[in-house]
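Report on the following structure.
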Amino acid sequence: MDKTDDSKPSRLTIENLVLARCHAELGPLEPAGTEGATRAHGRFGAHAFQVEVHPGGEAVGLRFADGASSHVERLSLVDALFARFPGARAIEVAAGTSTTTHRRHSFYQVPDLWHHRGDRYPLPHSYTETKGIRHPERTKPTDRVLFKRHCAQANITFEVRNFDLDEHFDLFHRWMNDPEVAVFWEMAFSREKLREYILEKFADPHMLPAIGYFDGEPFAYFEMYWSKEDRLGPHYEADDYDRGFHMAVGESRYRFQGLGRVWFLSMAHLLYLDEPRTMRLVGEPRVDQVRVKNWAKSTPWEIVKEFDFPHKRAVLMMMSRDRFFGSFQL
Numbered sequence: 663m664d665k666t667d668d669s670k671p672s673r674l675t676i677e678n679l680v681l682a683r684c685h686a687e688l689g690p691l692e693p694a695g696t697e698g699a700t701r702a703h704g705r706f707g708a709h710a711f712q713v714e715v716h717p718g719g720e721a722v723g724l725r726f727a728d729g730a731s732s733h734v735e736r737l738s739l740v741d742a743l744f745a746r747f748p749g750a751r752a753i754e755v756a757a758g759t760s761t762t763t764h765r766r767h768s769f770y771q772v773p774d775l776w777h778h779r780g781d782r783y784p785l786p787h788s789y790t791e792t793k794g795i796r797h798p799e800r801t802k803p804t805d806r807v808l809f810k811r812h813c814a815q816a817n818i819t820f821e822v823r824n825f826d827l828d829e830h831f832d833l834f835h836r837w838m839n840d841p842e843v844a845v846f847w848e849m850a851f852s853r854e855k856l857r858e859y860i861l862e863k864f865a866d867p868h869m870l871p872a873i874g875y876f877d878g879e880p881f882a883y884f885e886m887y888w889s890k891e892d893r894l895g896p897h898y899e900a901d902d903y904d905r906g907f908h909m910a911v912g913e914s915r916y917r918f919q920g921l922g923r924v925w926f927l928s929m930a931h932l933l934y935l936d937e938p939r940t941m942r943l944v945g946e947p948r949v950d951q952v953r954v955k956n957w958a959k960s961t962p963w964e965i966v967k968e969f970d971f972p973h974k975r976a977v978l979m980m981m982s983r984d985r986f987f988g989s990f991q992l
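Basically the working numbering = 1-based index in the sequence shown + 662.
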């Protein structure tokens with residue numbers, strides 16, 4: 663996102679699983695009573711609000727004039743203001759007689775706005791066994807949309823939907839037979855063979871196939887997996903709730919628009935929201951996937967080592983929950 667001119671009004675775009683795309687209008691920042699502080703007035707739907715940026719910019723105050731805004735509206739505006747003021751570590755929200763402080767590193771760990779689970783508690787911890795590997799029981803979501811959030815820095819909405827055979831299979835077949843995808847996935851198969859592949863993923867409790875969207879347009883295939891019972895598990899000390907994902911950017915125009923960082927971090931956000939006990943994400947791209955390794959350099963992902971699968975030389979990548987949310991900027 664380009665640096666915003668504080669002397670001019672700004673328009674904040676909001677879109678998530680709860681609210682369809684809408685906007686908040688924020689006026690120019692002007693000096694406030696406190697030395698070094700600035701203040702602006704704005705409107706979000708029917709609600710007037712005031713923003714005060716404290717000296718140094720690490721804290722922002724948000725006050726609704728009427729106090730009648732909903733919980734979802736307040737959270738959505740906080741998300742937009744964290745994007746508008748990237749140096750802010752905390753936003754204090756006053757509505758009516760109540761005041762709540764949202765700290766950046768914890769605010770984005772609450773799934774209410776963006777993740778299909780909302781405030782529902784995840785599956786209770788209980789062990790089972792697969793092919794001799796003891797691991798927690800896994801469950802698969804049935805919701806159509808799994809994640810949705812407007813990414814202000816790129817001014818684009820990222821969304822992930824459950825893979826649907828009727829809706830997505832033709833795309834999947836075309837993408838897997840695209841030479842640029844096939845060189846890494848090696849799955850330029852017939853429709854029948856690819857259908858068998860997807861049905862196997864549906865039946866596998868540790869794997870979840872999905873389709874990624876930018877502004878409502880499908881652009882990528884994702885496979886989310888639990889690492890402990892995955893092929894990656896034996897190559898490091900896998901924890902019970904470690905997660906990872908495979909990806910194939912099927913639409914060529916999205917491979918070179920600088921959006922790799924957006925979906926790279928947004929997928930991490932999805933997986934951390936999906937299971938609060940997940941403390942680490944892992945990845946294993948092929949060693950010659952230079953584009954993926956370059957994306958990783960601009961994110962909290964770390965390259966740990968190179969190692970060998972039977973079918974490829976791979977790079978082990980890791981990212982901790984603390985490292986991700988401690989530097990969250992989307």
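Backbone N, C-alpha and C fix where the C-beta goes; we use that ideal spot for every residue, glycine too.
**OP:** Spell out the partners DSSP gives MET869 in its beta bridges.
**Re:** Under DSSP, MET869 shares a beta bridge with TYR887.
Subject >> Sub-8 Å separation of LEU775 and LEU932 beta-carbons >> reply: Cβ atoms of LEU775 and LEU932: not closer than 8 Å.
Subject >> Closest Cα partner of GLU946 within the set PHE969, GLU862, ARG766 >> reply: Nearest of PHE969, GLU862, ARG766 to GLU946, Cα basis: PHE969.
Original post:
Which term fits ASP877, buried or exposed, when burial requires 16 or more other beta carbons within 10 angstroms of its beta carbon?
Top reply: exposed
**OP:** Can you have a look at LYS670 and say buried or exposed, based on whether 16 or more other CB atoms are within 10 angstroms of its CB?
**Re:** exposed
Original post:
Closest by CA to GLY794, which one among LEU943, GLY922, THR675, PRO896?
Top reply: PRO896
Subject >> Contact set for SER982: own chain, Cβ-Cβ below 6 Å, skip 5 residues either direction >> reply: ARG942
**OP:** Quick one: grab the DSSP three-state call for HIS787.
**Re:** coil
Original post:
Can you tell me the Cα-Cα spacing of CYS684 and SER738, whole angstroms?
Top reply: Their backbone Cα atoms lie some 10 Å apart in a straight line.
Subject >> CA nearest to the CA of THR804, picked from ALA814, ASP828, MET849, ARG779 >> reply: Nearest option by C-alpha distance: ARG779.
Subject >> alpha helix (DSSP H) runs contained entirely in the segment 703 to 782, provided each spans 4 or more residues >> reply: Fully enclosed alpha helix (DSSP H) runs of 4 or longer: 733 to 746, 766 to 769.
Original post:
What distance in whole Å lies between the Cβ atoms of ASN824 and ALA872, which are believed to be in contact at a cut-off of 8 Å?
Top reply: 6 Å
Subject >> Every unbroken beta strand (DSSP E) inside the segment 890 to 955 [3 residues or more] >> reply: 905 to 911, 942 to 945
Original post:
With DSSP run on the structure shown, which of helix, strand or coil describes PHE987?
Top reply: helix
**OP:** Going by DSSP, name the residue or residues bridged to TYR875.
**Re:** TYR875 pairs with GLU821, PRO880.
Subject >> Where LEU833 falls: helix, strand or coil (DSSP) >> reply: helix
Original post:
ALA958 by DSSP, collapsed to three states: which one?
Top reply: helix
Original post:
Can you tell me whether DSSP reads VAL977 as helix, strand or coil?
Top reply: strand
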